[in-house]
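The structure appears right after this line, and notes come after that.
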C-alpha cells in the first residue's frame with residue numbers, strides 16, 4: 389500500500405490560470421485566422437477591405453501584448469532557456485523546414501533559408517528576440533517609451549528588411565513591452581474585482597470605441613485604400629517602401645501605435661472575466677497559429693478567392709475561419725501534432741545535476 393505524499397513531498401502546483409487571458413488568446417487567434425483567410429478578397433471588395441482593416445487595427449497588437457503579459461523580465465535560468473528552445477526555436481526550425489519543402493515541391497527547386505521566415509513564422513523569431521531582450525529592456529527607466537521610439541525610428545531604415553523578422557520585431561516591440569508592463573501593474577486584479585456596474589460602464593465605452601472605428605472605416609474605405617493605411621497596420625515595411633518618403637511618416641506610425649494601444653485595452657475589457665466554453669481552447673493558440681496556414685495556403689493559391697466575389701463568400705470565409713480555429717484547437721489535433729508544435733527534446737539538454745556541475 390502506497391501512502392499519500394505529504395505536502396512537502398508533492399510537486400509545487402501550477403499557478404492558477406486567469407480565464408480572462410485564455411479568453412483573450414482564443415479570440416485573438418480567431419481574428420488572426422480570419423484576417424489571413426479573407427486577405428485574397430480585399431483587392432476587389434470594399435466590404436472585405438473594411439473588415440480586414442478593422443481586424444488588423446488591433447488583432448496583432450493584442451496577440452503580441454498577451455505574449456508580453458506572460459513574459460518574464462528577470463535573468464533567465466536554465467528552465468526558461470530550455471523553454472525558449474523547445475517552445476520557439478525547435479518549432480520554428482521544424483515548420484520552416486516543412487514550408488521549405490512545400491515551396492520546393494511547388495517551384496521544383498529545393499532551398500532552405502532559415503534567416504527569412506515563411507509567412508506566419510515571423511512571430512516565433514520575434515518572440516525569441518523579445519523574450520531574450522526583455523531583461524535588458526526592463527533595466528531601462530522608460531522601456532515603453534523607448535520601445536515606441538524604436539518602432540517609429542525603424543520605419544526610416546529601409547535596410548532592416550525581414551531577415552530574422554527584424555522588421556516586425558522592432559515595429560511591434562511597444563505592444564510586447566505594454567503587455568509586460570500590464571503584468572507589473574495591478575490592473576488585472578483591479579479589473580477582476582470590479583463591480584458589475586463598473587464593468588458594464590467600461591465595456592459600454594469599449595463597444596463605443598469599436599463602433600466608432602467600424603463606422604470610420606466603413607465611410608472611408610476608398611480614402612483608406614488611397615493612403616495605404618493597410619501597409620501601416622502590417623507593421624512590416626519601412627515608410628519609403630510604400631510611398632511615404634516624407635519626414636512626418638513616423639508620426640503616422642505613432643498615431644497607429646496609439647490607436648492600437650487604445651484598442652488593446654478596449655479588447656481586453658470586453659473579454660469575459662470568468663471561464664467560458666472556449667477558455668480551454670485559449671491554451672492551444674500556438675497550435676492554431678502554426679497549423680492554420682497549411683489549410684489556408686492551398687485555398688489562397690488556388691485562385692478561388694481571386695477576382696470580384698459576392699459578399700456571401702466573405703461571410704463564408706469568416707464562418708470557415710471560426711470552424712478551422714475550433715478544429716485546430718481541439719484535443720485530437722493537438723494530440724497528433726504535439727511532437728511538431730511542442731517538441732520535448734529531452735535528449736537535447738543536459739540533466740539539471742550535470743548543468744550544476
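Numbering (my numbering), first residue to last: 389 to 745. Just so it is clear, CB atoms sit at the ideal spot from N, CA and C, and this is done for glycine as well. Model, not experiment: these values are computed from the prediction.
Legend entry - Rounded straight-line distance, which links the Cα of residue 659 to that of residue 498: Within the chain shown, numbered from 1, the residue matching residue 498 stands at position 110. Within the chain shown, numbered from 1, the residue matching residue 659 stands at position 271. CA-to-CA, the gap between residue 498 and residue 659 works out to about 45 Å.
Legend entry - Coarse secondary structure for residue 732, derived from DSSP in three states: As a working mapping, residue 732 is identified with position 344 in the chain shown. Three-state result, residue 732: coil.
Inset, instruction - Quick one: using the 10 Å Cβ neighbour count with 16 as the cut-off for buried, is residue 530 buried or exposed? - result: Position 142 of the chain shown, counted from the start, is the residue given in the question as residue 530. So residue 530 counts as exposed.
Legend entry - Length of the line joining the Cα atoms of residue 549 and residue 645: Walking along the chain shown from the start, residue 549 turns up at place 161. Walking along the chain shown from the start, residue 645 turns up at place 257. CA-to-CA, the gap between residue 549 and residue 645 works out to about 20 Å.
Legend entry - Own chain residues within Cβ distance below 8 Å of residue 427, not counting five before or after: By one-based count along the chain shown, residue 427 stands at place 39. Within the same chain, 440 and 688 come within 8 Å of residue 427 by CB-CB distance, once the 5 residues on both sides are set aside.
Inset, instruction - Go ahead and label residue 411 buried or exposed: buried means 16 or more other beta carbons lie within 10 angstroms of its beta carbon, across all protein chains shown. - result: What you label residue 411 is simply residue 23 of the chain shown in a count that begins at 1. Buried: at least 16 other Cβ atoms inside 10 Å.
Inset, instruction - Return helix, strand or coil for residue 411, following the three-state DSSP convention. - result: Working through the chain shown from its first residue, we reach residue 411 at position 23. When secondary structure is reduced to three states using DSSP, residue 411 falls in the helix class.
Inset, instruction - With a cut-off of 8 Å on the beta carbons, I'd call residue 635 and residue 456 a contact; round off their distance for me. - result: What you label residue 635 is simply residue 247 of the chain shown in a count that begins at 1. What you label residue 456 is simply residue 68 of the chain shown in a count that begins at 1. Residue 635 to residue 456, Cβ: 30 Å. No contact.
Legend entry - Distance, residue 491 Cα to residue 502 Cα: Counted from its first residue, the chain shown places residue 502 at position 114. Counted from its first residue, the chain shown places residue 491 at position 103. The alpha-carbon atoms of residue 502 and residue 491 are separated by roughly 13 Å.
Inset, instruction - Within the same chain, show all residues whose beta-carbon is closer than 8 Å to that of residue 668, passing over the 5 residues directly before and after it, in chain order. - result: In the chain shown, the residue the question calls residue 668 occupies position 280. The residues are 410.
Inset, instruction - Quick one: give me the first and last residue of the alpha helix (DSSP H) that residue 548 is part of. - result: Here residue 548 refers to the residue found at position 160 when the chain shown is read from its first residue. No alpha helix (DSSP H) contains residue 548, which DSSP labels as neither H nor E.
Legend entry - CB of residue 461 within 8 Å of CB of residue 526, strictly: Looking up residue 461 in the chain shown gives position 73. Looking up residue 526 in the chain shown gives position 138. Result yes, Cβ atoms of residue 461 and residue 526 sit closer than 8 Å.
Inset, instruction - Would you kindly check if the distance between the Cβ of residue 677 and the Cβ of residue 415 is under 8 Å? - result: Locating residue 415 in the chain shown gives position 27, counting from the first residue. Locating residue 677 in the chain shown gives position 289, counting from the first residue. It is not a contact, given that the beta carbons lie outside the stated cut-off.
Legend entry - C-alpha distance - residue 485 paired with residue 583, whole-angstrom precision: For the purposes of this step, residue 485 is taken as residue 97 along the chain shown, with counting starting at 1. For the purposes of this step, residue 583 is taken as residue 195 along the chain shown, with counting starting at 1. In this structure, the CA atom of residue 485 is about 50 Å from the CA atom of residue 583.
Inset, instruction - With DSSP as the reference, label residue 501 as helix, strand or coil. - result: As a position in the chain shown, residue 501 is number 113, starting the count at 1. Coil at residue 501, not helix or strand.
Legend entry - Straight-line gap, residue 516 to residue 716 (C-alpha atoms, nearest Å): Numbered from 1 along the chain shown, position 128 holds the residue referred to as residue 516. Numbered from 1 along the chain shown, position 328 holds the residue referred to as residue 716. Looking at the backbone, the Cα of residue 516 and that of residue 716 are separated by about 23 Å.
Inset, instruction - Return helix, strand or coil for residue 610, following the three-state DSSP convention. - result: The sequence position of residue 610 within the chain shown is 222, counting from 1. Residue 610 falls in the helix class under three-state DSSP.
Inset, instruction - Report the residue from 580, 561 and 711 whose alpha carbon sits nearest the alpha carbon of residue 663. - result: Taking the first residue of the chain shown as 1, we reach residue 663 at position 275. Of the candidates 580, 561 and 711, the one whose C-alpha sits nearest the C-alpha of residue 663 is 580.
Inset, instruction - Can you grab the Cα-Cα spacing for the pair residue 474 / residue 606, in whole Å? - result: The residue labelled residue 474 in the question sits at position 86 within the chain shown. The residue labelled residue 606 in the question sits at position 218 within the chain shown. Near 43 Å, if we compare the C-alpha coordinates of residue 606 and residue 474.
Legend entry - Continuous alpha helix (DSSP H) assignments of at least 4 residues falling wholly in the stretch 557-610: Fully enclosed alpha helix (DSSP H) runs of no fewer than 4 residues occupy 561-572, 575-581 and 584-607 of the stretch 557-610, in order along the chain.
Legend entry - Span separating the alpha-carbon of residue 697 from that of residue 425: Counting from 1 along the chain shown, the entry for residue 697 is found at position 309. Counting from 1 along the chain shown, the entry for residue 425 is found at position 37. Distance from the CA of residue 697 to the CA of residue 425, rounded to the nearest whole angstrom, comes to 14 Å.
Legend entry - Pair within 8 Å by beta-carbon distance, residue 444 and residue 423: For this step, residue 444 is matched to residue 56 along the chain shown. For this step, residue 423 is matched to residue 35 along the chain shown. In this structure, residue 444 lies near residue 423, with their beta-carbon atoms less than 8 Å apart.
Legend entry - Nonlocal neighbours in the same chain, by C-beta distance under 6 Å from residue 505, ignoring five residues either side: To locate residue 505, count along the chain shown from 1; it is residue 117. Closer than 6 Å at the Cβ level, and outside the excluded window around residue 505, lie 513 and 553.
Legend entry - For residue 738, the three-state DSSP class (helix, strand or coil): Working through the chain shown from its first residue, we reach residue 738 at position 350. Three-state DSSP puts residue 738 in coil, outside helix and strand.
Legend entry - Proximity of residue 522 and residue 452 at Cβ, strictly below 8 Å: In the chain shown, counting from the first residue as 1, residue 522 sits at position 134. In the chain shown, counting from the first residue as 1, residue 452 sits at position 64. No, these two residues do not count as a Cβ contact at 8 Å.
Inset, instruction - Identify which residue in 625, 434, 533 and 469 has its Cα closest to the Cα of residue 545. - result: Walking along the chain shown from the start, residue 545 turns up at place 157. Restricting attention to 625, 434, 533 and 469, the CA atom closest to the CA of residue 545 is found in 625.
Legend entry - Within 8 Å, strictly: CB atoms of residue 418 and residue 713: Stepping through the chain shown from its first residue, residue 418 is reached at position 30. Stepping through the chain shown from its first residue, residue 713 is reached at position 325. When the beta-carbon positions are compared, residue 418 and residue 713 come within less than 8 Å of each other.
Inset, instruction - Would you kindly work out how many angstroms separate the C-alpha atoms of residue 722 and residue 614, rounded to a whole number? - result: As a position in the chain shown, residue 722 is number 334, starting the count at 1. As a position in the chain shown, residue 614 is number 226, starting the count at 1. Residue 722 and residue 614 have their C-alpha atoms roughly 42 Å apart.
Inset, instruction - Go ahead and pull the three-state DSSP assignment for residue 664. - result: Locating residue 664 in the chain shown gives position 276, counting from the first residue. In the structure shown, residue 664 adopts coil according to DSSP, grouped into three states.
Legend entry - Proximity to residue 731 [Cα-Cα], best of 633, 495, 476 and 587: If you number the chain shown from 1, residue 731 lands on position 343. Checked all of 633, 495, 476 and 587; the closest Cα to residue 731 is 476.
Legend entry - Pick from 718, 603 and 602 that is closest to residue 665, judged by C-alpha positions: The count along the chain shown starts at 1 and reaches residue 665 at position 277. Per the Cα distances, 718.
Legend entry - residue 488 versus residue 500: straight-line alpha-carbon distance, rounded: On the chain shown, position 100 is the one that residue 488 refers to. On the chain shown, position 112 is the one that residue 500 refers to. Residue 488 and residue 500: Cα-Cα distance of roughly 6 Å.
Inset, instruction - Please look up how many angstroms separate the CB atoms of residue 518 and residue 564, rounded, as I've assumed it's under 8 Å. - result: Residue 518 sits at position 130 when you count from the first residue of the chain shown. Residue 564 sits at position 176 when you count from the first residue of the chain shown. Residue 518 to residue 564, Cβ: 5 Å. Contact.
Inset, instruction - Please state if the CB of residue 596 and the CB of residue 652 are separated by a distance shorter than 8 Å. - result: On the chain shown, residue 652 is found 264 positions in, with the first residue counted as 1. On the chain shown, residue 596 is found 208 positions in, with the first residue counted as 1. Inclusion of residue 652 and residue 596 in the CB contact set at 8 Å is not warranted, their separation being larger than that value.
Inset, instruction - With DSSP collapsed to three states, give me the class of residue 710. - result: Position 322 of the chain shown, counted from the start, is the residue given in the question as residue 710. Looking at residue 710 - three-state DSSP - the assignment turns out to be helix.
Inset, instruction - Going by CA-CA distance only, name the one from 511, 430, 701 and 468 that's closest to residue 481. - result: For the purposes of this step, residue 481 is taken as the residue at position 93 of the chain shown. Considering only alpha carbons, the answer is 511.
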